[in-house]
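*Asks:* Quick one: the structure is below, and I'll ask about it shortly.
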Amino acid sequence: MIQEKNLDTLLDRLESLCVPILGHIYLTDRCQFSCPHCYRASKLIGDELTLYDWLRLLEEFKTEGCMDLTFSGGEPLLHPDWRKIIMEANKLKFSYEIMTNGFAMTEADAEFLTQNNCRELHISMHGWGETHDKFVGAAGSFTHCKLLAEYAVKLGLKTVIKMSLMHSNFHDASLLAKWSRDIGTIFGPSYYIIPRFNSNENEFLEDRLTPKEIRQCEHDYSEWTGRPSFSNCHDENGPYFCNMGWNRFAIDAHGQIYPCSQVKEPVGEVKTKSFREVWRYSERMNELRRRKNEKIDLCSNCEMEASCKFRCMGLFHLSTGKYEEPSPLHCEITAAWLGLDNF
Amino acid sequence: MTSLYSINPDLAWRVIDNEVVILKIKTTTYYSLDPIGTFIWKRMEKTPKTREEILKSILEEFEVENTTASNDLDELIADLVREELILESAA
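These protein sequences, in sequence, are chains A and B.
So that you can map any letter, position 230 of the first sequence is 230 in this note's numbering, and since no number is skipped, the others follow by simple counting.
So that you can map any letter, position 13 of the second sequence is 1013 in this note's numbering, and since no number is skipped, the others follow by simple counting.
Here you go:
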């Protein structure tokens, strides 16, 4: 009568039923920082969903079978009603995690999240000391985040330190990894930097890791994190169109619905429609669903295909504006793994 | 002593396609219950229930012998308590 299942098995089953088990909520566009690499960088402030919109939507997400939410932004803690929204999510028995830059978060907030069954707290830290402060453009941010993370761990809150690896902060990765391990958090560095296909503000790409640094990261990653590195992670996708919109969705602060958290092309909105209407009957959503397992010709002819881990159509779309076209930057990373530095 | 059984409040769960899917948040372990287990689970949704109350509702809903239902229920309750999916307290 009772069966224990791993997450992948469960997701496969719910995918076949088209249940939106995973939801990503971009609660607000507001953020105190202007990190150069942030792919959510937006000038669209205002006209955001109200508390009452969110309370209605949480109920609708639950009715459609959603169980797990990620709250991010912008900076989610800058939403004036974030505590009320979290309390409702907890009351409706959602599992949830929060991705924050930590700067606006207090010890009382960490206590609040612990009391409200937060599954994971993700804090972005992009270097040690001044490196981090310079990266996010806020003096004192590193010290605040460090103390906050240490306090969260003391409370028993599962805490993840997220670091975007760039050439200018790479030297601090081992320091953050050691501190993270010492206090009992999970360290989650990433060098997947996403170019903005619809913007000229891509100077930050010049600060991306060099092929040599990528290989160094691959070498050190398991020691830093206790997990397999990017090039060694298991990936059964592609080169076929992915399962976006089958068991997951994203919603932004303005009520636009997306088939996953990476895609920036909305498939409907929930200011005038119900979530059920968009999830089940959006023409665009269903078009994307029908593309599942469609062959991606550009990648299937690539000599690096067997080693490539960048088979996320959302990532393709975010970088190039096309679901079928990867960013050359991601091809460059695979080339670095293979030692093809002149790719 | 009679026991009361209630759903552990530290869980996320949903009824999907006539089956309960349960997520233990702290360990991110997932469970699912078959339709009979789901029926039993939903009996405990609003208020804690005794074994006898649950057994009575099973016998009212399904064509099953008392002994079979009783044994299956005991087995499920033991599993749910062991996995900390339901909590046992004194009635």
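All C-beta atoms, glycine included, are put in the ideal place defined by N, C-alpha and C.
Going along the chain, which residues of the region 1026-1038 of chain B sit with their C-beta nearer than 8 Å to a C-beta in chain A?
*Replies:* Those residues of the region 1026-1038 of chain B that come within reach of chain A (Cβ to Cβ, closer than 8 Å) are Lys-1026, Thr-1028, Thr-1029, Tyr-1030, Tyr-1031, Ser-1032, Leu-1033, Asp-1034, Ile-1036 and Gly-1037.
*Asks:* At the level of alpha carbons, what is the spacing between Val-263 of chain A and Leu-315 of chain A?
*Replies:* For Val-263 of chain A and Leu-315 of chain A, the distance between alpha carbons rounds to 7 Å.
*Asks:* Please list the terminal residues of the continuous alpha helix (DSSP H) segment that includes Ile-333 of chain A.
*Replies:* Per DSSP, Ile-333 of chain A belongs to the alpha helix (DSSP H) from 328-337.
*Asks:* Counting only beta-carbon atoms, is Leu-17 of chain A nearer than 9 Å to chain B?
*Replies:* Closer than 9 Å to some Cβ of chain B, the Cβ of Leu-17 of chain A qualifies, so yes.
*Asks:* Might you give, ordered along the chain, the residues of its own chain that have their beta carbon closer than 6 Å to the beta carbon of Gly-268 of chain A, omitting 5 neighbours on each side?
*Replies:* The residues are Ile-257, Val-278 and Ser-282.
*Asks:* Going residue by residue through the region 152-194 of chain A, where are the continuous alpha helix (DSSP H) segments of at least 4 residues, counting only ones entirely within it?
*Replies:* Here the runs fully enclosed are 173-183.
*Asks:* Using 8 Å as the cut-off, can you tell me whether the region 330-341 of chain A makes contact with the region 1065-1078 of chain B, which would need three or more C-beta pairs spanning the two stretches below that distance?
*Replies:* The region 330-341 of chain A vs the region 1065-1078 of chain B: no contact.
*Asks:* For a contact defined as C-beta to C-beta under 7 Å, what are the partners of Asp-1017 of chain B on chain A?
*Replies:* Those within 7 Å of Asp-1017 of chain B in chain A are Leu-17.
*Asks:* Would you list the one or two residues that DSSP bridges to Trp-1013 of chain B?
*Replies:* Answer is B:Ile-1022, bridged to Trp-1013 of chain B.
*Asks:* Return the first residue and the last residue of the alpha helix (DSSP H) that Gly-108 of chain A is part of.
*Replies:* First, the residue type needs correcting, since residue 108 of chain A is Ala and not Gly in the sequence shown. Where Ala-108 of chain A is concerned, the enclosing alpha helix (DSSP H) stretches over 107-115.
*Asks:* Could you tell me whether the Cβ of Leu-7 of chain A comes closer than 9 Å to any Cβ of chain B?
*Replies:* Leu-7 of chain A counts as touching chain B.
*Asks:* Starting from Ser-95 of chain A, find everything on chain B with Cβ-Cβ shorter than 8 Å and list it in chain order.
*Replies:* Ala-1012, Leu-1023, Ile-1025 and Thr-1028, listed in chain order.
*Asks:* Which residues in chain A have a C-beta closer than 9 Å to the C-beta of Leu-1055 of chain B? List them in chain order.
*Replies:* Under the 9 Å cutoff, chain A gives no residues; its nearest Cβ is about 14 Å from Leu-1055 of chain B.
*Asks:* Ignore the nearest five residues each way along the sequence and tell me which others in Pro-195 of chain A's own chain have a CB closer than 7 Å to its CB.
*Replies:* Same-chain partners within the cutoff: Asn-202, Leu-205, Ser-319, Ser-327 and Leu-329.
*Asks:* Only counting runs of 3 or more residues, tell me where the beta strand (DSSP E) segments fall wholly within the region 206-271 of chain A, in order along the chain.
*Replies:* The region 206-271 of chain A contains these whole beta strand (DSSP E) runs: 248-251 and 256-258.
*Asks:* Of all Cβ atoms in chain A, is any one closer than 9 Å to the Cβ of Glu-1083 of chain B?
*Replies:* Yes, Glu-1083 of chain B lies at the interface with chain A (some Cβ there is under 9 Å from its Cβ).
*Asks:* When the Cα of Arg-280 of chain A is compared with those of A:Thr-70, A:His-171, A:Pro-259 and A:Thr-9, which residue comes out closest?
*Replies:* Taking only the C-alpha atoms, the option nearest Arg-280 of chain A is A:Pro-259.
*Asks:* Let me know the beta strand (DSSP E) ranges lying completely inside the region 272-336 of chain A, each 3 residues or longer, listed in chain order.
*Replies:* Runs of the beta strand (DSSP E) inside the region 272-336 of chain A: none found.
*Asks:* Under 9 Å between C-beta atoms, does Asp-1079 of chain B make it to chain A?
*Replies:* Chain A contact via Cβ: present.
*Asks:* Give the residues of chain A in contact with Leu-1076 of chain B, contact being defined as C-beta atoms less than 7 Å apart.
*Replies:* Ordered by position in chain A, the residues that pass the 7 Å Cβ test against Leu-1076 of chain B are Met-1 and Ile-2.
*Asks:* Measuring alpha carbon to alpha carbon, tell me which of A:Glu-4, A:Glu-287, A:Gly-73 and A:Phe-142 ends up nearest Trp-128 of chain A.
*Replies:* For Trp-128 of chain A, the nearest C-alpha among the options comes from A:Phe-142.
*Asks:* So which of A:Ala-306, A:Lys-273 and A:Asn-247 has the shortest CA-CA distance to Thr-9 of chain A?
*Replies:* Checked all of A:Ala-306, A:Lys-273 and A:Asn-247; the closest Cα to Thr-9 of chain A is A:Asn-247.
*Asks:* Assuming Thr-225 of chain A and Phe-187 of chain A are in contact, meaning their beta carbons sit under 8 Å apart, how far apart are those beta carbons, in whole angstroms?
*Replies:* Right, the Cβ-Cβ distance comes to about 5 Å (below 8 Å), so this counts as a contact.
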